[in-house]
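*Asks:* One structure coming up, written as structure tokens, with questions to follow.
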Amino acid sequence: MLSFIHKNSVKLAWLLLVLLLMMGLSLPFLYKNSQINTSILALLPDNPEKAVPEQLQQMLMTQLDKQLVWLVSPGEENTTAAAAAWLATLKHLPQLSRVRGPLSSEEQALWLEYTRKHTPALLDTQILKRLEQGGESYARWVLSQIYSPFAGVSQRELQEDPLLLLRSIHSAKLADQKFDLLDNWPLVKDETGRIWFLIQAELNISSYDIQQAQTLTTHLAEAKTEWLNHWPAGKILERGTLFYASYASEQAQKDISVLGSLTLFGVVILILVTFRSGMPLLLSSLSVLAGIISGVWAVLLLFGELHLMMLVMSISVIGVTVDYVLYYLVERRVHGAERSSQQSLAVTFPTLSSALLTTLVAYLVLALPPMPVFRQLAIFSVVGMLTAFLVVLLWLPLLSKNLAVRPLPARALLKVWLELWQKPVVRLFVPVFVLLLALAGLSRLEISDDPASFQSLPPVIQQQEQQLTKLLGQATDQTWLLVFAEKPQDALEKLEKTEPLLKQAIKQGYLEAYQRLPLISLKQQQQQLDLLLSVQPLVIEKLQQAGLLQKNLPFKNNWQKLTLEQWQQSPAGRIWGSLLLSTNNLTGLLLPLQGVSNSAALERLFVKNAGVILMDRRTAYTRVFAEYRQLLSWLLLLAFTLIAAHFFFKLGAKAGLRTLIPTLLSLLTAPAALGLCGHSFNLFALLAMTLVLGVGINYTLFFSNPRGAPATALFATFLAATTTLLTLGILVFSSTQLISSFGLALASGLLTAFLLSPLAAPPLTKGVTEL
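Position 643, counted from 1, in the sequence shown is what this note's numbering calls 643; the numbers after and before it change by one each time, with no gaps.
So, in structure tokens, the structure goes:
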């Protein structure tokens, strides 16, 4: 292979350059037709609930993405002026639609007309119980309401609604809702008696559209500051995916700019100080740039988007790609006078290719879990590192022919370090100490597959979320029961058959409460209409006998059945529409569940009901993370076993074990560092361990190269480890907890692999001074 490359090196180099130029020129077109994704959900597996149809899953995510809620408190004043001012501000923002505050007179009229027209569809359990007791009993109840001094039943109301159904429906509605009314404003009170007015809205944009989302959140923050100037005692609570996404994108952009700048600055300084020349920096930049262009091009081509979290984590690839350049350039710097550039390539190629192969395998493992971010990172890394390797293979021998030859810097330190590792005490004590330290960390390590433990939200957002959900009486966990069918009426009928199971679950303590769509099937509506018509004549007769209704006065019913389409256009549909998922061929009905204590038992209740699925996203994600963590653990063990077998076969038992110790201890140190620092162990930590194996083993490979000198290997390993730690270790300082833990495991594992890598060096027979 090398002979072919040597013969055609110039042609192949220019071919690679042409391909890179074509990729670079096509990037603006690919980027124009793509998007930057900031969704934290991309860190989670794709659709963990496989039984849920993809169309309904996407629609649910879109609806959750759009919802925005505010609670506005004027302070000590119990007036609506402050809430009205905030409502007016929101209505002027073009990114928002369907901004809802108080119930207008027009909306009240629509509600009244809706209730009158579709009365049979709106009867609650209490009304139905009274109707089922018969006309005599129902008539006595009506008379008790008429003669009650507190009821205030007018003659006109009795004439238009002799069964007092509108009054009953309205009373039931007030009893069910958690809100009071002030000037038609829905409000809640906290434990101190402070009032909070409710405002709701929907987004016209995606929460994950970085530019528009940040523009909107900036406007909202400025408007909030201005509002507080007018009502200094007031307070506004807010909730919505928009605020989480905006915070995540802001932190990710900060990580990219700050951590990326620090990484590049550190690598540049390291190369300049090491080589005292601008040429190695130029060659390293060429390799990194080629890797970035090809990696981004591949991700955009395959995924049609770039995730912001992937861009943060891709900083790590810079150090790995620079390693290949530095290993070759160190060889040229030390032996350039006695070897040609192609001969230097022949010396370094076995080690470089082995290092590339192990690193590629490690990054490819990242693509196994069904998580978009890590799949993007895997493609970016694999394509980028392959390209960087080709640059080293084809361009560096051409461009480094005249590289200045100098002796290794800090030769005295290198000599001391190598001599130190020749002492039996050091070779025994240091690994044992690292092992004991790792065991101490592992003893404190906790395993957590709960996705809630991956988040690191600021206290302000967390406090607002907790206070708002408490005031609204809602649950923070997103757990639903999804009932779906091809036809709307089939879905409604299936829902009605499912409700007894939910009531059974409440009795058994599996959940506390559920919320259902305020709509029944046409079949159920007909049954309730028949019940009304059977009771109504006797009630009217009793009222006429009591002299409360005129005899022989014709009474007309204008009741109509309520279809799903009509309900969607009604005032109720505009409020409860988020619980309806409707596509061209599927209708899904969502029932939010509160206080789920036994998700598995609840799921078993519906296992025989086709089209009825418990959507406990937190539990589903936890289960998927646990499954992939276990699978990846076996794969990591298999990879380590294969590497161990390779070392033992190639080097023999004694040398193979000596070479394997740094890798084994680095794999133990990575999770141990998490335990010592109070981080939990999860799938992402295991992915970091995979990279520790794939990247850290390069350091032992550098030392075990029989054609290289130990001093050269030590210096090359030092440069490789330093650049890698600058790019991987810098992730420890990420403001995103998941990435920070990922970086901590990587940095500790790779640092251990570097410090112990001299163990892999063969015994010195000529003395350190001659190396």
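For each residue, glycine too, the CB sits at the ideal point set by N, CA and C.
Work out the CA separation of residue 300 and residue 37 for me, nearest whole Å.
*Replies:* Each residue's Cα considered, the two are about 12 Å apart.
*Asks:* Assuming the contact rule is C-beta atoms closer than 8 Å, residue 238 and residue 538 should be a hit. Round their C-beta distance to whole Å, please.
*Replies:* Not confirmed; about 53 Å, so no contact.
*Asks:* Starting from residue 384, trace the alpha helix (DSSP H) in both directions and tell me its first and last residue.
*Replies:* Its alpha helix (DSSP H) spans residues 372-394.
*Asks:* For residue 521, count neighbouring C-beta atoms within 10 Å of its own C-beta (all shown protein chains included) and say buried if the count is 16 or more, exposed if not.
*Replies:* Buried: at least 16 other Cβ atoms inside 10 Å.
*Asks:* Count the CB pairs spanning the region 416-423 and the region 351-360 that are closer than 8 Å, and state whether there are at least three.
*Replies:* Because the criterion of three Cβ pairs below 8 Å is not met, the region 416-423 and the region 351-360 do not touch.
*Asks:* Going by DSSP, what residues sit across from residue 479 in a beta bridge?
*Replies:* 616, per the DSSP bridge assignment.
*Asks:* By DSSP, does residue 431 sit in helix, in strand, or in coil?
*Replies:* In this structure, residue 431 counts as helix in the three-state DSSP scheme.
*Asks:* Kindly list the residues whose CB is nearer than 7 Å to the CB of residue 684, restricted to its own chain and excluding five residues on each side of it in sequence; keep chain order.
*Replies:* The residues are 738, 741 and 742.
*Asks:* Grouping DSSP H, G and I as helix and E and B as strand, with all else coil, what is residue 752?
*Replies:* Of the three classes helix, strand and coil, the one that applies to residue 752 here is helix, per DSSP.
*Asks:* If distances are taken between C-alpha atoms only, which option among 216, 172 and 81 comes closest to residue 227?
*Replies:* Taking only the C-alpha atoms, the option nearest residue 227 is 81.
*Asks:* Assuming residue 159 and residue 549 are in contact, meaning their beta carbons sit under 8 Å apart, how far apart are those beta carbons, in whole angstroms?
*Replies:* That pair is a contact at about 7 Å.
*Asks:* Could you tell me which of 362, 332 and 658 sits nearest to residue 392, measuring between CA atoms?
*Replies:* For residue 392, the nearest C-alpha among the options comes from 332.
*Asks:* Helix, strand or coil: which one does DSSP assign to residue 643?
*Replies:* Here residue 643 sits in helix by DSSP.
*Asks:* Quick check on residue 681: does DSSP put it in helix, strand or coil?
*Replies:* Note: residue 681 maps to strand in three-state DSSP.
*Asks:* Do you know how far the Cα of residue 692 is from the Cα of residue 443?
*Replies:* Each residue's alpha carbon lies about 21 Å from the other.
*Asks:* With a threshold of 7 Å on Cβ separation, who are the neighbours of residue 626 within its own chain once the five nearest residues in sequence on each side are excluded?
*Replies:* 449, listed in sequence order.
*Asks:* Provide the residue(s) that pair with residue 773 in DSSP beta bridges, ordered along the chain.
*Replies:* Given a span of 1 to 771 for the chain in the structure shown, any question on residue 773 remains unanswerable.
*Asks:* Taking its Cβ as the centre, do 16 or more other Cβ atoms sit within 10 Å of residue 323, making it buried, or is it exposed?
*Replies:* The residue in question, residue 323, is buried, as its Cβ has 16 or more Cβ neighbours within 10 Å.
*Asks:* Once you ignore the five residues that flank residue 435 on each side, which residues in its own chain have a CB closer than 8 Å to its CB?
*Replies:* Around residue 435: 665 and 668.
*Asks:* Report the residue ranges of all beta strand (DSSP E) runs contained in full by the region 478-564; include only those spanning at least 3 residues, in chain order.
*Replies:* Those beta strand (DSSP E) runs which fall completely within the region 478-564 and span 3+ residues are 479-485.
*Asks:* Looking at the secondary structure, which residues open and close the beta strand (DSSP E) in which residue 72 lies?
*Replies:* Segment 67-73, the beta strand (DSSP E) holding residue 72.
*Asks:* Classify residue 606 as helix, strand or coil using the three-state DSSP reduction.
*Replies:* Reduced to three states, the DSSP call for residue 606 is coil.
*Asks:* Have a look at the DSSP bridge pairing and note the partners of residue 238.
*Replies:* Note: residue 238 sits in a beta bridge opposite 70.
*Asks:* At the level of alpha carbons, what is the spacing between residue 568 and residue 231?
*Replies:* Roughly 38 Å separates the two Cα atoms.
*Asks:* Near residue 4, which residues of its chain fall below 8 Å by C-beta distance, leaving aside the five closest residues on each side in sequence?
*Replies:* Excluding residues within five positions, none has a Cβ falling inside 8 Å.
*Asks:* Quick test of your reading: residue 596 and residue 511, contact by CB under 8 Å. State the CB separation rounded to the nearest angstrom.
*Replies:* Contact flag correct, Cβ pair sits at about 5 Å.
*Asks:* So the candidates are 714, 574, 725 and 220; which of them puts its Cα closest to the Cα of residue 760?
*Replies:* Nearest option by C-alpha distance: 714.
*Asks:* Compute the distance between the beta-carbons of residue 72 and residue 83, then report whether it is under 8 Å.
*Replies:* Their beta carbons are under 8 Å apart, which means residue 72 touches residue 83 by this criterion.
*Asks:* Among 755, 317 and 688, which one has its Cα closest to the Cα of residue 744?
*Replies:* Answer by Cα proximity: 688.
*Asks:* Going by beta carbon distance, what residues of the same chain come within less than 6 Å of residue 598, once the five residues before and after it are set aside?
*Replies:* Excluding sequence neighbours, residue 598 sits near 510.
*Asks:* Please identify the residue among 461, 119, 268 and 358 whose C-alpha is closest to the C-alpha of residue 166.
*Replies:* Of the candidates 461, 119, 268 and 358, the one whose C-alpha sits nearest the C-alpha of residue 166 is 119.
*Asks:* Using CA atoms only, rank isn't needed, just tell me which of 571, 735 and 590 is closest to residue 109.
*Replies:* Nearest option by C-alpha distance: 571.
*Asks:* Assign residue 98 to one of two classes, buried (16 or more other C-beta atoms within 10 Å of its C-beta) or exposed (fewer than that).
*Replies:* So residue 98 counts as exposed.
*Asks:* Nearest to residue 720 by alpha carbon, out of 305, 695 and 730?
*Replies:* It is 695.
*Asks:* Start and end of the alpha helix (DSSP H) containing residue 200?
*Replies:* Where residue 200 is concerned, there is no enclosing alpha helix (DSSP H), although the beta strand (DSSP E) it sits in stretches over 195-203.
*Asks:* Do you know offhand how far residue 439's Cα is from residue 445's?
*Replies:* If you take the alpha carbons of residue 439 and residue 445, they lie about 10 Å apart.
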